[in-house]
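Novice: Let me begin by handing over the structure; questions about it come next.
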Amino acid sequence: MPFSAEELARRLDLGLHGDPATTVSGVATLAQATPASLGFLANPRYRGQLAHTRAGIVVLRAADAEGYPGTALIAADPYVAFARAAALFETRPAPAPGLHPSAVVDASARVHPDAQVGAFVSIGARSVVGAGAVLGPGCAIGEDCVVGAQCELVARVTLVRRVRLGRRVLIHPGAVLGADGFGLAMDAGRWLKVPQLGGVVVGDDCEIGANTTIDRGAIEDTVLEEDVRLDNQIQIGHNVRIGAHTAMAGCAAVAGSATIGRYCLIGGGAGVLGHLELCDRVVVTAMSLVTHSIREPGEYSSGTPLMDNRRWRRSAARFKQLDALARRLGALRDN
Amino acid sequence: MPFSAEELARRLDLGLHGDPATTVSGVATLAQATPASLGFLANPRYRGQLAHTRAGIVVLRAADAEGYPGTALIAADPYVAFARAAALFETRPAPAPGLHPSAVVDASARVHPDAQVGAFVSIGARSVVGAGAVLGPGCAIGEDCVVGAQCELVARVTLVRRVRLGRRVLIHPGAVLGADGFGLAMDAGRWLKVPQLGGVVVGDDCEIGANTTIDRGAIEDTVLEEDVRLDNQIQIGHNVRIGAHTAMAGCAAVAGSATIGRYCLIGGGAGVLGHLELCDRVVVTAMSLVTHSIREPGEYSSGTPLMDNRRWRRSAARFKQLDALARRLGALRDN
Amino acid sequence: MPFSAEELARRLDLGLHGDPATTVSGVATLAQATPASLGFLANPRYRGQLAHTRAGIVVLRAADAEGYPGTALIAADPYVAFARAAALFETRPAPAPGLHPSAVVDASARVHPDAQVGAFVSIGARSVVGAGAVLGPGCAIGEDCVVGAQCELVARVTLVRRVRLGRRVLIHPGAVLGADGFGLAMDAGRWLKVPQLGGVVVGDDCEIGANTTIDRGAIEDTVLEEDVRLDNQIQIGHNVRIGAHTAMAGCAAVAGSATIGRYCLIGGGAGVLGHLELCDRVVVTAMSLVTHSIREPGEYSSGTPLMDNRRWRRSAARFKQLDALARRLGALRDN
């Protein structure tokens with residue numbers, strides 16, 4: 001499935017410099033590209049590679065195209081243009097609608113005839129699977145769940161109960177949605193489990209990473225609005241609410257009843273304590289801990305810089321004395 | 001299944017203010033309640049909602065009930081009372097004892113006839129499943145495991161080998177107990193794997209969250225005493241021992257051979273290094289790292305506060321200079 | 001399967017002190033050993049236990065053997081020697097080559113007749129399983145995967161697609177290799193998914209922990225060189241490259257396109273940001289965040305020490321003022 005520069009420019013609505021007949025049959029990084037590759041330059045970190053790339057066609061900004069002698073597609077956002085181009089070269093397993101003979105479907109469940117239900121899938125009472133949905137091998141769908149049209153649960157995804165997915169939700173293997181929230185009350189020296197009566201609601205076009213967990217609500221639902229994107233191994237506590245278009249990188253965690261706004265970016269390994277509220281367009285850098293609500297858009301951080309361990313030990317020891325040091329400094333000034 | 005205030009008061013042994021005939025058919029937060037809802041006020045953060053709630057009945061402390069005009073159930077601990085009340089409204093799938101036809105059970109395993117073994121469950125050699133235990137779809141039980149009476153493995157739980165669960169242990173989907181501990185020795189420039197010959201022992205009434213991992217011991221067993229409560233995505237290394245009634249929030253991790261006392265609370269994302277000992281009643285706040293043994297009950301923390309990124313960068317840069325700053329301060333004082 | 005001291009010394013090429021006829025039938029810690037146990041002393045932390053151990057035979061260094069009255073095996077590296085000895089006592093389920101009747105194998109896949117394919121395993125189009133490989137219950141192998149000779153996928157492992165394992169790779173339950181990398185471009189206020197066209201390549205003798213996730217590359221492959229050892233719940237982003245013999249402890253995470261050298265040790269919960277390069281023999285301590293490339297071997301850290309929460313609060317408050325404090329100190333000096 002080769003494409004010419006001319007065809008790519010037309011399909012993707014991009015400017016074209018150079019030879020419109022140049023043809024490529026796959027994508028590559030600038031460093032690894034061959035004359036049969038489509039490459040791209042989006043991250044300025046890699047600009048130096050442009051001089052040496054063998055890529056047949058390069059997607060780049062107009063400014064970067066100046067002086068570039070090869071065939072180029074000009075894009076206002078080369079990463080977006082590249083994403084669209086790469087989709088042309090993507091191969092995916094052919095759809096195979098219908099139930100695999102090994103699947104176990106409760107008599108009260110409803111599966112659309114266009115849906116694809118793979119090997120070793122179980123579907124519980126009163127659950128519904130929509131048109132064009134794909135449940136890959138080993139998925140376990142419990143009671144009272146809804147899998148919307150065109151959803152894809154890649155493999156071994158669990159929806160425990162009362163999980164309702166919108167349309168085109170993509171969930172990667174090992175993710176668990178709708179497990180009990182972590183609700184405990186201490187009662188006469190022993191833990192008493194608090195029933196978790198809510199569900200999970202996931203909006204259209206969300207993506208949920210491998211081994212990510214999203215607990216169901218204690219009373220009301222845990223909610224992801226549309227187009228929320230969660231990477232792998234993220235933990236979302238019960239009754240959390242995440243606004244539309246927010247993205248969270250791997251291993252981030254949000255404790256129970258926190259509310260995250262729209263268009264937020266939560267860095268890898270970052271944490272948000274329970275019951276907090278983050279407004280729209282908050283950026284939290286990797287491995288930071290959010291300990292109070294945030295009312296102003298902006299970028300927030302905690303932690304200390306990486307240091308050689310020996311130097312770090314000295315700074316860390318001084319951190320313990322920080323209040324005393326500050327008081328001594330104050331006393332000196334007052335003298 | 002509606003309940004009157006009078007019946008709830010009697011069943012839960014609570015005081016009653018207002019109309020004993022008020023009837024509710026479900027639970028709700030104060031903010032979302034309708035006249036058919038039972039609400040509760042435990043967290044003072046939500047006290048302001050009491051004035052506007054439409055809840056038919058509210059569970060609260062005597063002090064909060066003063067001046068409240070509606071029907072109220074009076075509890076010394078409203079959260080505990082609410083947990084018990086909510087259990088009355090909880091619906092769970094009906095038990096279905098017996099083996100699903102797809103289950104694969106080794107000839108040497110013993111499964112109690114009252115136990116429920118779901119679709120696509122495998123049970124290995126010499127393993128035993130007790131009365132009333134539930135193994136949900138996709139669970140994989142290896143060799144020499146014991147699943148005690150009334151345990152519930154919700155779905156897709158793995159017990160690798162030599163895992164012995166007490167009674168009423170609840171394990172959420174994706175959890176893996178009894179995988180090899182991470183034991184390696186460097187031998188002539190290559191890693192040599194150290195055999196992991198121990199098992200995992202889990203006491204009665206423990207709860208283990210989704211995608212949590214508990215490795216089996218290298219020589220002796222990894223042990224959770226009774227009533228330990230682990231949230232999702234927790235990592236417990238080999239030969240760890242966790243005391244009774246300790247609770248750990250999501251994404252916490254305990255490295256090999258550490259010993260945690262009873263009634264400890266380990267915050268989300270917190271870490272405990274290997275071979276350390278924590279006494280009883282230690283609280284570790286979220287994302288703190290425990291780097292030395294703790295001999296005194298109390299609350300412990302590490303890390304820095306969340307800041308606007310620009311201000312944080314300045315503090316972080318100064319952290320690197322902290323030892324030099326302290327020395328300069330000392331020199332000034334000595335002048 | 002008892003072994004005499006003489007036989008152990010011969011098999012493991014170790015020195016022998018004491019009675020060559022002493023016989024042991026299992027391994028134990030020094031504290032728990034009986035006369036039928038083989039114990040070992042490698043960690044100096046446990047040297048005090050030597051005086052009281054009841055172990056029939058102890059593996060230790062020559063220096064520690066001086067004055068020890070019992071039977072001892074002398075090793076330059078007692079931990080390595082113990083690992084080899086323990087392997088003699090390890091029992092493993094007997095291999096059972098062939099396909100379990102419940103397994104679902106695509107017609108275009110090739111499974112070596114010596115391989116063992118367990119219950120509820122699915123194998124997708126064009127995938128290949130080598131001689132002596134073991135796929136435990138519930139593994140899901142997608143399209144275009146290679147499982148090399150003698151690999152073991154313990155249970156419920158997912159290889160999504162284009163994952164190529166070398167020989168003798170050991171993967172623990174719940175691990176997910178080859179899921180989509182987290183590639184997104186913001187396009188007119190919505191996320192656009194970037195196709196993930198690469199695969200995952202894992203070298204010989206790698207070990208991958210329970211619930212660990214390794215995404216496939218966006219364009220090129222994500223690569224683990226030989227003998228890489230990953231503990232549980234580790235997250236490896238797309239296009240990461242990890243050098244031979246590097247080991248990472250539980251819950252560590254490496255963001256996309258980072259390159260880690262050979263013989264590195266990454267501590268538990270540590271993070272490496274995307275696109276960074278770490279040279280060979282870098283040690284990162286637990287829960288540190290690597291925010292810049294590292295060109296010098298050595299040990300690196302970030303974070304602050306664990307403190308009593310009340311004292312920590314005071315230091316943390318001063319951390320926010322650190323730049324102002326440093327400026328004041330500078331002003332005082334200039335006076």
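Residue numbers (UniProt numbering), protein chains in the order written: chain A, 1 to 335; chain B, 1 to 335; chain C, 1 to 335. C-beta: ideal position from N, C-alpha, C; glycine also.
Tell me which residues of the region 302 to 320 of chain C have at least one Cβ-Cβ distance to chain A shorter than 7 Å, keeping chain order.
Specialist: Ser302, Gly303, Thr304, Pro305, Met307, Arg314, Ser315, Arg318, Phe319
Novice: Report, in whole angstroms, the separation of the C-beta atoms of residue 339 of chain B and Ile208 of chain B, which I expect to be a contact under 8 Å.
Specialist: Because chain B spans 1 through 335 in this model, residue 339 of chain B falls outside it and cannot be assessed.
Novice: Buried or exposed, going by whether 16 or more other CB atoms sit within 10 Å of the CB of Pro35 of chain A?
Specialist: exposed
Novice: With a threshold of 8 Å on Cβ separation, who are the neighbours of Glu6 of chain B within its own chain once the five nearest residues in sequence on each side are excluded?
Specialist: Leu16, Pro20, Ala21
Novice: Classify Pro173 of chain C: buried if its beta carbon has 16 or more other beta carbons within 10 angstroms, exposed otherwise.
Specialist: buried
Novice: Which ranges would you report for the beta strand (DSSP E) in the region 214 to 270 of chain C if only whole runs of at least 3 residues count?
Specialist: 222 to 224
Novice: What is the rounded straight-line gap between the Cα of Val272 of chain A and the Cα of Gly148 of chain A?
Specialist: 29 Å
Novice: If the criterion is Cβ atoms closer than 7 Å, does the pair Ala210 of chain B and Ala179 of chain A meet it?
Specialist: yes
Novice: Does any C-beta atom of chain B lie closer than 7 Å to the C-beta of Ala324 of chain A?
Specialist: no
Novice: Leaving out five residues before and five after Val240 of chain B in sequence, what residues of the same chain have Cβ atoms less than 6 Å from its Cβ?
Specialist: Thr222, Val254, Ala258
Novice: Can you give the Cα-Cα distance for Ser301 of chain B and Ser315 of chain C, rounded to whole angstroms?
Specialist: 11 Å
Novice: Within the 7 Å Cβ cut-off, does His52 of chain C reach chain B?
Specialist: no
Novice: Within 7 Å (strictly less), CB to CB, does Gln150 of chain B reach chain C?
Specialist: no
Novice: Sorry if obvious, but does the Cβ on Thr91 of chain A come closer than 6 Å to a heavy atom of the ligand SAH?
Specialist: With respect to the ligand SAH, the structure shown offers nothing to examine, as it has no ligands at all.
Novice: If we ignore side chains and look at the alpha-carbon of each, how far apart do Gly98 of chain C and Asp280 of chain C end up?
Specialist: Straight across, the Cα-Cα distance linking Gly98 of chain C with Asp280 of chain C is about 42 Å.
Novice: Does any CB atom of chain C fall closer than 7 Å to the CB of Cys279 of chain A?
Specialist: no
Novice: For residue 336 of chain B, name the three-state secondary structure that DSSP assigns.
Specialist: In this structure chain B extends from 1 to 335, so residue 336 of chain B is not present and cannot be described.
Novice: For Phe120 of chain C, which residues from the same chain have a beta carbon less than 7 Å from its beta carbon, with the 5 sequence-adjacent residues on both sides left out?
Specialist: Ser102, Pro137, Gly138
Novice: Report the residue from B:Ala55, B:His52, B:Leu30 whose alpha carbon sits nearest the alpha carbon of Asn43 of chain B.
Specialist: B:Leu30
Novice: Measuring straight from C-alpha to C-alpha, what distance separates Ile123 of chain C and Ala155 of chain A?
Specialist: 12 Å
Novice: Taking DSSP as the reference, what is the three-state secondary structure of Ser102 of chain A?
Specialist: Ser102 of chain A falls in the coil class under three-state DSSP.
Novice: Per DSSP, what are the beta-bridge partners of Gly15 of chain A in this structure?
Specialist: A:Ile74
Novice: With DSSP as the reference, label Val157 of chain C as helix, strand or coil.
Specialist: coil
Novice: Find the residues of chain B that neighbour Tyr300 of chain C, judging by a C-beta separation of less than 8 Å, and give them in chain order.
Specialist: Under the 8 Å cutoff, chain B gives no residues; its nearest Cβ is about 13 Å from Tyr300 of chain C.
Novice: When the Cα atoms are used, what is the spatial distance from Ala86 of chain A to Gly48 of chain A?
Specialist: Roughly 22 Å separates the two Cα atoms.
Novice: Buried or exposed, going by whether 16 or more other CB atoms sit within 10 Å of the CB of Arg11 of chain C?
Specialist: exposed
Novice: Let's test the definition: count the other Cβ atoms within 10 Å of the Cβ of Gly67 of chain B and tell me whether it reaches 16, buried, or not, exposed.
Specialist: exposed
Novice: Spatial neighbours of Ala109 of chain B within its chain, please: CB distance less than 6 Å, with the 5 preceding and 5 following residues excluded, ordered by chain position.
Specialist: Ile123, Ser127
Novice: Looking at Glu220 of chain B and Gly203 of chain B, is the spacing between their C-beta atoms short of 7 Å?
Specialist: Taking 7 Å as the Cβ cut-off, Gly203 of chain B and Glu220 of chain B do not qualify as a contacting pair.
Novice: Counting only the same chain and skipping the five closest in sequence on each side, list residues whose C-beta sits under 7 Å from that of Met248 of chain B.
Specialist: Leu230, Asp231, Ile234, Ile266
Novice: Excluding five sequence neighbours on each side, which residues of the same chain lie with their C-beta closer than 7 Å to the C-beta of Leu276 of chain C?
Specialist: Ala258, Val290, His292, Ser293
Novice: Taking C-beta pairs closer than 7 Å, name the residues in chain C that Asp215 of chain A reaches, listed in chain order.
Specialist: Going along chain C, no residue has its Cβ under 7 Å from Asp215 of chain A, so there is no contact; the nearest lies around 17 Å.
Novice: On the DSSP letters alone, give me the boundaries of the alpha helix (DSSP H) that Phe319 of chain C sits inside.
Specialist: 309 to 320
Novice: Please list the partners that Ser108 of chain A has in chain B, where partner means a Cβ-to-Cβ separation under 7 Å.
Specialist: Residues of chain B passing the Cβ test: none, with the nearest at roughly 11 Å.
Novice: Mapping DSSP to helix, strand and coil, what is Arg47 of chain C?
Specialist: helix
Novice: Could you check the C-alpha separation between Cys264 of chain B and Glu296 of chain B for me, to the nearest Å?
Specialist: The C-alpha of Glu296 of chain B is placed about 12 Å away from the C-alpha of Cys264 of chain B.
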